[in-house]
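Here the structure comes first, spelled out in structure tokens, and everything after it is commentary.
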Amino acid sequence: MEKREFQAESKKLLDMVINSIYSQREVFLRELISNASDAIDKLYYRALTDDNLTFNKDDYYIKLTPNKDTRTLTVTDTGIGMTKEEMENNLGIIAKSGSHQFKKENEIKDGHDIIGQFGVGFYAAFMVAEKVTVISRSIDSEEAYKWESTGPDGYTIEPAEKEEVGTEIILYIKENEEEESYDEFLEEYRIRQIVKKYSDFIRYPIKMDVTESKLKEGTEDEYEDVITEETLNTMIPIWKKNKSELTDEDYENFYREKHYGFDKPLKHIHISVDGAVRYDAILYIPESAPYNYYTKEYEKGLELYSNGVLIMEKSPELLPDYFSFVKGLVDSEDLSLNISREMLQHDRQLKIIEKNINKRIKQQLKQILTNDREAYERFYQSFGQQLKYGVYSDFGQHKEVLQDLLLFYSSKEKKLVTLDEYVERMPEEQKYIYYAQGDTVERADKLPQTELVKDKGYEILYFTDEIDEFAIRMLMSYKDKEFKNVSSGDLGIEPDEKEKEEEKEAAKEHEDLFKKMKEVLGDKVTDVRASKRLKSHPVVLTADGEISIEMEKIINSMPD
Ligand code: ADP
Ligand code: MG
């Protein structure tokens with residue numbers, strides 16, 4: 001048995017893999033399982049072209065065997081195996097990916113299922129193991145070999161015994177150190193957890209013998225350990241299933257399983273795109289906001305999978321802020337991942353997906369708005385503010401997406417209406433979309449300024465959220481109709497000749513009084529005038545400037 005050294009660069013790289021590439025140790029299992037799945041895939045591809053080989057899906061599986069006594073965790077697969085040479089090349093040279101080469105050699109353009117590409121994942125095992133033993137027999141060889149390494153100082157290869165084709169990887173789990181415990185990687189529950197998290201949708205069964213304490217038959221208080229073989233992974237992800245096979249309940253169960261929220265989702269969106277960037281997505285529009293939604297703690301994002309393997313738990317790039325309430329996942333074969341698989345190399349693909357998803361969410365919301373107004377209002381109750389912030393931020397550049405999703409309370413309809421509904425109802429001569437601001441609908445309704453507009457038979461939108469007027473100012477207009485605060489000076493409602501005359505007369509009559517008032521009020525007002533705009537109120541304040549009185553109040557109350 002000869003000891004071989006890793007190549008110099010490999011040593012450095014190995015050190016990096018163990019110490020710095022991955023942010024979480026647990027991903028070692030994801031990497032080994034991915035390799036096992038690749039190895040089975042390779043056998044499958046081989047069977048496609050080799051008539052002597054048949055591929056019987058049931059014979060192919062991955063098995064995990066933790067053993068606390070020997071402190072080992074073994075990952076066994078029934079895949080294609082490795083020859084001695086392949087062991088040297090693929091396990092002896094770090095950053096050499098046999099899988100990458102396999103794809104190239106076999107010209108598998110559609111070999112997107114094969115996960116491996118960088119040739120470093122295997123070494124993640126050294127994050128948790130002090131020694132790794134690989135026993136493998138290739139489909140092309142009568143002999144089996146054993147590869148063994150304790151880390152950067154090198155490895156050995158020697159002949160070994162193995163009946164079946166495939167690979168067995170034995171991890172000798174590290175002893176606990178003062179502050180670090182590795183025991184968790186020998187615990188059944190923990191292994192199940194890691195598999196569920198990262199490898200739930202590997203297409204082959206990942207099995208484990210699970211020990212359960214059960215009441216012994218024929219006895220009342222004697223227990224015995226019963227071992228059953230369990231398949232840990234779901235295998236077929238729900239998003240790969242045909243939409244027609246799935247019920248609303250399936251989607252709701254998945255929502256809960258994934259802990260996206262405690263509520264019942266309002267709607268789900270299932271997308272499968274076979275375009276420039278291929279991806280599947282399941283998105284949910286929740287009905288109620290999580291308790292921390294409008295705080296800094298809330299993190300938006302979708303889960304990101306590459307080929308069924310979890311890459312990122314929350315990818316914020318996939319959602320614009322104004323749709324930050326959307327939950328769900330995206331799975332794509334076309335992502336260019338970086339070496340740790342924790343990040344993407346470039347986000348071109350993500351950008352395309354984001355744009356696409358954005359469109360679909362908007363469509364879905366519009367659909368709910370049209371077809372199920374009541375549900376939409378419930379949604380709006382929770383997330384309307386966020387949509388309005390969306391209009392306000394970035395100087396209204398999202399207005400095309402968002403303006404049709406907004407609702408405001410109407411003086412006429414006595415309920416929430418859309419801008420489109422408002423404009424549709426406008427009498428021909430009406431110039432503006434009128435709005436009045438107040439803490440509540442009642443208060444806005446009682447403003448002296450609303451009277452004149454209502455008398456004219458025009459509808460008023462009541463703004464009760466602080467953000468409302470700011471957002472509307474960003475929109476500026478809707479369908480070529482400008483917005484107008486009822487408390488602004490020029491309402492675009494012309495007084496008739498008689499009224500003008502009366503106003504003039506009143507101004508003359510009370511000239512001294514107005515002068516006096518102006519003196520008393522000083523800088524607080526620019527002018528005091530007689531007005532025909534009042535009926536049941538004696539005085540009204542109007543703003544002639546760029547911002548309304550209400551906006552001024554909000555701005556003044558903001559911390560500097
Ligand atoms: P990658 O998966 O990115 O290619 P890894 O470091 O994870 O890189 O694995 C290196 C290579 O070792 C693989 O490409 C493959 O050729 C080989 N290999 C690893 N695990 C197995 C296995 N279980 N069965 C067969 N070959 C394997
Ligand atoms: Mg790999």
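Note that the UniProt record's numbering has the sequence shown beginning at 1, numbered continuously upward. Glycine included, each C-beta is placed from N, C-alpha and C at the ideal position.
Out of the options, state which residue places its alpha-carbon closest to the alpha-carbon of residue i.
{"i": "S488", "options": "R425, E509, E552, S37", "result": "E552"}
{"i": "S272", "options": "E333, E224, E313", "result": "E333"}
{"i": "Y392", "options": "A471, E511, D280", "result": "A471"}
{"i": "I190", "options": "E177, F201, R203, M208", "result": "Rather than Ile, the amino acid found at residue 190 in this sequence is Arg. Measuring from the Cα of R190, the nearest candidate turns out to be M208."}
{"i": "E143", "options": "E164, P152, M127", "result": "E164"}
{"i": "F185", "options": "N356, Y380, T74", "result": "T74"}
{"i": "L32", "options": "L91, M476, A506, Y422", "result": "L91"}
{"i": "N253", "options": "E421, K243, K264, S136", "result": "K264"}
{"i": "I170", "options": "F28, D280, L232, I311", "result": "F28"}
{"i": "K355", "options": "E505, I368, L319", "result": "L319"}
{"i": "A281", "options": "N242, H259, Q449, L266", "result": "N242"}
{"i": "Y279", "options": "P427, K351, K258, T156", "result": "K351"}
{"i": "residue 571", "options": "K431, M474, K412", "result": "Residue 571 lies beyond the residue range present for the chain, which begins at 1 and ends at 560; the question has no answer from this structure."}
{"i": "Y298", "options": "D15, I194, D69, D321", "result": "D321"}
{"i": "S25", "options": "A124, Y61, S99", "result": "The amino acid at residue 25 is misidentified as Ser; the sequence shows Arg. The residue with the shortest Cα to Cα distance from R25 is A124."}
{"i": "H398", "options": "F323, I135, S244, M517", "result": "F323"}
{"i": "M474", "options": "E400, V277, M235", "result": "E400"}
{"i": "D59", "options": "E429, Q364, I206", "result": "I206"}
Quick check on residue i: does DSSP put it in helix, strand or coil?
{"i": "L310", "result": "strand"}
{"i": "R137", "result": "strand"}
{"i": "Y293", "result": "coil"}
{"i": "Y45", "result": "helix"}
{"i": "S34", "result": "helix"}
{"i": "S488", "result": "strand"}
{"i": "E168", "result": "strand"}
{"i": "R71", "result": "coil"}
{"i": "D183", "result": "helix"}
{"i": "K216", "result": "coil"}
{"i": "P448", "result": "helix"}
{"i": "Q7", "result": "coil"}
{"i": "A124", "result": "helix"}
{"i": "I114", "result": "coil"}
{"i": "V417", "result": "strand"}
{"i": "R278", "result": "strand"}
{"i": "P205", "result": "coil"}
{"i": "H398", "result": "coil"}
{"i": "residue 612", "result": "Residue 612 lies beyond the residue range present for the chain, which begins at 1 and ends at 560; the question has no answer from this structure."}
{"i": "H510", "result": "coil"}
{"i": "V195", "result": "helix"}
{"i": "Y432", "result": "coil"}
{"i": "H270", "result": "strand"}
{"i": "E178", "result": "coil"}
{"i": "E188", "result": "helix"}
Could you give the C-beta distance for residue i and residue j, rounded to a whole number, given that I count them as a contact under 8 Å?
{"i": "Y462", "j": "G438", "result": "7 Å"}
{"i": "L419", "j": "L406", "result": "6 Å"}
{"i": "Y434", "j": "Y409", "result": "Actually they do not touch by this definition, with Cβ atoms about 13 Å apart."}
{"i": "V132", "j": "F126", "result": "7 Å"}
{"i": "K388", "j": "D465", "result": "7 Å"}
{"i": "G166", "j": "D274", "result": "Not a contact, Cβ separation roughly 34 Å."}
{"i": "I135", "j": "E88", "result": "About 15 Å separates the two Cβ atoms, so there is no contact after all."}
{"i": "I353", "j": "V277", "result": "6 Å"}
{"i": "L10", "j": "I62", "result": "As written in the sequence, residue 10 is Ser, which differs from the Leu given in the question. No, S10 and I62 are not in contact; Cβ-Cβ is about 26 Å, not under 8 Å."}
I'd like the list of long-range same chain contacts for residue i, defined as Cβ closer than 6 Å, with 5 residues on each side in sequence excluded.
{"i": "L283", "result": "I269, V326, G328"}
{"i": "R443", "result": "none"}
{"i": "Y251", "result": "H268"}
{"i": "M312", "result": "L304"}
{"i": "V520", "result": "none"}
{"i": "K68", "result": "L186"}
Cutting at 8 Å between CB atoms, please list the residues of its own chain near residue i, excluding the five before and the five after it.
{"i": "V226", "result": "T211, E212, S213, K214"}
{"i": "S34", "result": "I115, G116, G121, S199, I202, V309"}
{"i": "E188", "result": "P66, M208, V210, T211"}
{"i": "K366", "result": "D404, L405"}
{"i": "E222", "result": "L215, K216"}
Can you list, in chain order, the residues of its chain whose CB lies under 7 Å from that of residue i, leaving out five sequence neighbours each side?
{"i": "T83", "result": "S138, D140, S141"}
{"i": "L310", "result": "K197, Y198, E303"}
{"i": "K42", "result": "G79, I80, F102"}
{"i": "I173", "result": "R71, T72, L73, V128, A129, Y182, F185, L186"}
{"i": "V417", "result": "L407, F408, S410"}
{"i": "S99", "result": "D38, I114, G116, Q117"}
Would the C-beta of residue i count as close to the ligand GDP, meaning under 7 Å from any of its heavy atoms?
{"i": "I80", "result": "As far as ligands go, the structure on display features the ligand ADP and the ligand MG and does not contain the ligand GDP."}
Should the stretch 146-156 be regarded as contacting the stretch 53-66, the criterion being three or more beta carbon pairs within less than 8 Å?
Touching, no, given that fewer than three Cβ pairs across the two stretches are closer than 8 Å.
Between the stretch 275-293 and the stretch 371-386, can you find at least three pairs of beta-carbon atoms closer than 8 Å?
The answer is yes - the stretch 275-293 touches the stretch 371-386, with three or more Cβ pairs under 8 Å.
Would the stretch 177-186 and the stretch 3-11 be scored as touching if the rule is three or more Cβ pairs under 8 Å?
No, because fewer than three Cβ pairs between the stretch 177-186 and the stretch 3-11 fall closer than 8 Å, the two stretches do not touch.
Assess contact between the stretch 346-357 and the stretch 291-299, defined as three or more Cβ pairs (one per stretch) separated by less than 8 Å. Is contact present?
Taking 8 Å as the limit for Cβ pairs, the verdict is that the stretch 291-299 does not touch the stretch 346-357.
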